Every structure is written in structure tokens, then in C-alpha cells.
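In my numbering, the protein residues as written are 14 to 375. Note that the Cβ used here is the ideal one computed from N, Cα and C, for glycine as well. This one's a predicted model, so the numbers in the text were calculated from it and none came from an experiment. Below: the structure, in C-alpha cells.
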Amino acid sequence: MALITMRAAVLHEPGKPMTVREVQLREPNHGEVLIRTASVGVCGTDLHFARGLFPYPTPTILGHEASGVVEQVGTGAPFRIGDRVLVCDQMPCGRCGPCLAGRMVYCTDTTAKQRQRSRLFLDREPFRQYLGVSALAELMLVDAAGVIPIPAELSFDAAALLGCCLTTGAATVFNTAALRPGQSALVIGCGGVGLGAVQAARIAGATRVIAADPEPHRRTAATSVGATHTIDPTERDLVEAVLAASDGHGVDIAVEAVGEPALAEAAFACLAPGGRAVIVGMMPPDSSIRVPSALLRRGRAIAGSVMGEVRSLHDIPTYVRMATIGLLHADTLATTHRPLDEVNAAFDDAATRRGVRTMITF
Ligand SMILES: [Zn+2]
Ligand SMILES: [Zn+2]
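Structure, rendered in C-alpha cells:
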């Protein structure tokens, strides 16, 4: 088996810095695509795994919000060498019950996990690919179902962000929350996901979009992409501030994009009767939330959401078109750029909420 050598950021142990070193990967098999990486966003999910908040076998290579150019194509993969593409870690089989029902984030196919064990090698020993992508590397070997073509007008940064955070935020509002024109929305947390949700609420016709974040520059970013009100939750009580900003009624939809149980409870407490809170932030695996039964009685609902229940091969091309015509703002979210050798500093940026998104560019 021919192996290709490349540079990659290897996580040997959670909580320790990554090391940029040479690793190998194999050539694409049937249905796989080899992509030369162009841009990778550092997502909060990567940060959780780097810190060991969610267990994952190591060594591995993190990164899943990525774009690049097709370098090799396996048989049966509908791509050509030189195609500009983005990568999404949702790689639906398209044949199982959840996929056929349009809920492909709950795809039951397990063969993808098998393929992920045979792609990457360290000193000739195979190791586990991360989320089917492992983007913090010069090359990515992925299932064709996770690869989406992008037009020449879309930047690689914008495309990478559409591979995870922007799409997650948008799909949470369009799919899970199903916001209707004229409704009001609250978005808690204005990182990449939250700013995607703010924009989707604007696009879907929300008349009031309230954005909450402790960082002034993120509140400014929220206003620039469509928030009508912003709240600093360190300055005043979040629920009181949202009720005040919604004439005392509360909001029709609330999106929690941080992953903190207390904020999920606050999202629910901010709802108007009949409202719907969607928790898309990744909460610690052993945490729980409490919901007052008196609030439930008036038709309020709370839902978890994996990536906004995105139907990736349908929804992401739609969002790509929205970004290409300027309806969805993507480039402004890429606030810092670093080379692969500064990968640990890039993760520090994410941990300290510097800017909105730090991109690793190749
Ligand atoms: Zn992500
Ligand atoms: Zn499936």
C-alpha cells in the first residue's frame, strides 16, 4: 500500500500541546476523496477534545471545519482533480432509516468508523482519524458524502466556516427551531455558531434578534450581521434583560450556542408561551438541566440539536449560495489567521475567545 507523507498537528494526549510532525496517509479507496487543505477553522468542539472534555482515542489529528482542493479521487466519487470543496463531518449513508427520513445527522451507518481506522499512520502504525476529517494536516482523506463543491467566488475561509459553525447556526434556526417570519429570536453565545444563528434569524424574517455574549467585539459582530438588540450577560441578568428587550413577553425561539447548563436553563426561561429553545452548544457529557414545570405548561418546548439537524448535502449547498450572493456573511467571521506551526496558539485564541474564529491557513 502506497503511503503519502504530510505534515500534521498531532494530539498525543488531551490537555497537552499538539506537535506538528510528519505522518502518513493512504491513497483514496472507492468512494473517498483526497483533499489538499486550504483553510481550517478552530471549532469549540475541537477545543473540547483537545482538553479531554470528551474522550477520544489518541494519537489523533483534530480539525473538522475545512476547505481545500481535490488532489486525488477514488473510484465512484463524483469529483475531479482541482475541484474547490468544503468538508463537513456529517457523511450520511443516504440509505438508513434516519437518512431516508431526512434526519441524516442520526445516520445509523457504522462503516464510516471502520474506514477512519485505516487512513492515517504514525511511524507506519495506523491511528484513528478524528470525526472522519482530521483537518489540521496538509491533506485530508474523506468520504465523498462529506465533500461539497464550492464556486470560485467563495473564499476558502468562508467555505471552511460553512463546513461547521455557520451551517450549524443556520440549520439550528431553519431546521430545529423552524423560525417563521415575524417571530422573535434570542441567540446566546456569539461565536461562529451563534453568529450563524443570528444571520439565519434575520434571513428567516425575525423582527427581533437578541444576541447575548460577554465579549464586546462579539456583540459588535452580532449587530453587524443582523442582531437588533445585544446583551452583556455579565452586566445584567440574562433572563430579565431578554424579557425587557421583548416587551415582557419573551422570545419565540432561543438558541443556546455555548454548551453551559445554566445558559440552557436561561434560554428556556426566556421563552414566550409556545416558544422553543434549542440547545446546540455541546454540554459536558455528565451534566443535566432543570426545567420549571410551570413554564412547560404553556406550550414551551426544549430540544437538543446535532448540528441543527443539517441535511448536509441539501442544506450546505443552499447556504453556500446564500454566502456567495452576500446574504450570509462568512468572511467577517474569520478574524485571525495562523499557519499550522501556530496551532497551539490558535487553540488558545479559541479558549480565550479572541476574535470570532481563528483560521489555520495552508
Ligand atoms: Zn465544529
Ligand atoms: Zn444513514
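Open item on the list: What would DSSP say about Asp-136, mapped onto helix, strand or coil?
Closed with: coil
Open item on the list: Which residue wins for smallest C-alpha separation from Ile-48, given the options Leu-353, Asp-122 and Leu-149?
Closed with: Leu-149
TODO: Could you check which residue in Gly-159, Arg-367 and Asp-59 has the C-alpha nearest to that of Asp-226?
DONE: Arg-367
Task: Straight-line gap, Asp-344 to Pro-305 (C-alpha atoms, nearest Å) - done: 40 Å
Open item on the list: My assumption, with CB atoms under 8 Å, is that Leu-60 sits in contact with Phe-360. Please give the rounded CB distance.
Closed with: 6 Å
TODO: Check the DSSP bridge columns for Thr-331 and list the partner residues they point to.
DONE: Paired residue(s): none; Thr-331 is not in a bridge.
Open item on the list: From the DSSP secondary-structure annotation, give me the bridge partner or partners of Ile-373.
Closed with: Val-53 and Arg-351
TODO: May I ask you to report which of helix, strand or coil DSSP gives Ser-306?
DONE: helix
Open item on the list: Can you look up Met-34 in the DSSP assignment and give me helix, strand or coil?
Closed with: Per the sequence shown, residue 34 should be read as Arg rather than Met. Three-state result, Arg-34: strand.
Task: Endpoints, the alpha helix (DSSP H) within which Arg-93 is located - done: That residue, Arg-93, is in no alpha helix (DSSP H); it is neither H nor E in DSSP.
Open item on the list: Tell me the DSSP secondary structure of Glu-322 in three-state form.
Closed with: helix
TODO: State yes or no: is the C-beta of Glu-78 nearer than 7 Å to some heavy atom of ligand 1?
DONE: yes
Task: Contact set for Leu-251: own chain, Cβ-Cβ below 7 Å, skip 5 residues either direction - done: Ala-225, Ile-244 and Ala-279
Open item on the list: Quick check: the stretch 293–310 against the stretch 322–331, are at least 3 beta-carbon pairs closer than 8 Å?
Closed with: no
Open item on the list: Assuming contact is defined by CB atoms lying nearer than 8 Å, are Glu-78 and Cys-178 in contact in what I supplied?
Closed with: yes
TODO: Kindly indicate which three-state DSSP category Thr-241 falls into: helix, strand or coil?
DONE: coil
Open item on the list: Given the structure, does Met-117 come close to ligand 2, in the sense that its CB is under 7 Å from one of the ligand's heavy atoms?
Closed with: yes
- [ ] May I ask you to report which of helix, strand or coil DSSP gives Met-153?
- [x] strand
Open item on the list: Taking 8 Å as the cut-off, does the stretch 287–306 touch the stretch 332–341 (at least 3 CB pairs, one atom from each stretch)?
Closed with: no
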